[in-house]
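Report on the structure given below.
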Amino acid sequence: MLLSAVVLRAEEITPNDLEDALQLLLNQALSVEISARIVENGQETVWTMELSRVTISGRAVTVRLDGSNVVVVVQFTPYIAEDASVLLVAQGQTWVTTSESQDAVYRTAFRSIPINLGEPVVFLPLGNHPIDVNVDTDTDGAFNIELEVRVEPYVGMRTEE
Numbered sequence: 003m004l005l006s007a008v009v010l011r012a013e014e015i016t017p018n019d020l021e022d023a024l025q026l027l028l029n030q031a032l033s034v035e036i037s038a039r040i041v042e043n044g045q046e047t048v049w050t051m052e053l054s055r056v057t058i059s060g061r062a063v064t065v066r067l068d069g070s071n072v073v074v075v076v077q078f079t080p081y082i083a084e085d086a087s088v089l090l091v092a093q094g095q096t097w098v099t100t101s102e103s104q105d106a107v108y109r110t111a112f113r114s115i116p117i118n119l120g121e122p123v124v125f126l127p128l129g130n131h132p133i134d135v136n137v138d139t140d141t142d143g144a145f146n147i148e149l150e151v152r153v154e155p156y157v158g159m160r161t162e163e
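Under the working numbering, think of the first position of the sequence shown as 3, with each following residue one higher.
Shown next, in the form of structure tokens:
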């Protein structure tokens, strides 16, 4: 009896229902803009990367950065509240090897950051202090990784009602 109810319900879905469902999903979609920077000694930016991903509330956007002695994996998960505020959950994992040994130092960071749509926030997966990280630049020094994140409503392919 349950199977026939499921089949009957599937027959009732029309192309308009699918279009309405897709439009609802697009209307709730979020754009996560990430600007990644490697900063030398807290001053000069020696490398940048821009990344934009579309997601929905509760679904993570993952960023992976690989260097010669560092790997950084960060997941940003936006959660939209009823008042349109955002709780951005940032979870970072880093593996850093030193030049003296091949042992990797593992670090993890987890932050829940209340923000408003469009408000930028900076996440430092290596912490607040520069570390010795080998990067492909002509300079020697201590470096840090900065990830500036902005969550905004997704406007691509959206139709006005």
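Where a beta carbon is used, it is the ideal one built from N, C-alpha and C, also for glycine.
DSSP bridge partner residues for residue i (one or two, in chain order)
i      : result
Pro80  : Leu90
Ile117 : Val88
Ser54  : Glu35
Thr96  : Val74, Arg109
Leu149 : Ala38, Phe125
Cα-Cα separation between residue i and residue j, rounded to whole angstroms
i      : j      : result
Val153 : Val98  : 29 angstroms
Pro127 : Thr57  : 21 angstroms
Gln25  : Glu150 : 29 angstroms
Met51  : Glu84  : 32 angstroms
Val76  : Ala144 : 21 angstroms
Leu27  : Glu46  : 41 angstroms
Per-residue burial, residue i [other beta carbons within 10 Å of its own, 16 or more giving buried]
i     : result
Glu21 : exposed
Gly94 : buried
Pro80 : buried
Glu42 : buried
Same chain, Cβ closer than 6 angstroms to residue i, five either side skipped, listed in chain order
i      : result
Thr110 : Gln95
Val107 : Val98
Ser54  : Glu35
Neighbourhood of residue i by C-beta distance below 8 angstroms, restricted to the same chain and skipping five residues each side
i      : result
Asp105 : Thr99
- [ ] Say whether the region 90–102 touches the region 115–123, bearing in mind that this needs 3 or more beta-carbon pairs closer than 8 angstroms, one atom from each stretch.
- [x] yes
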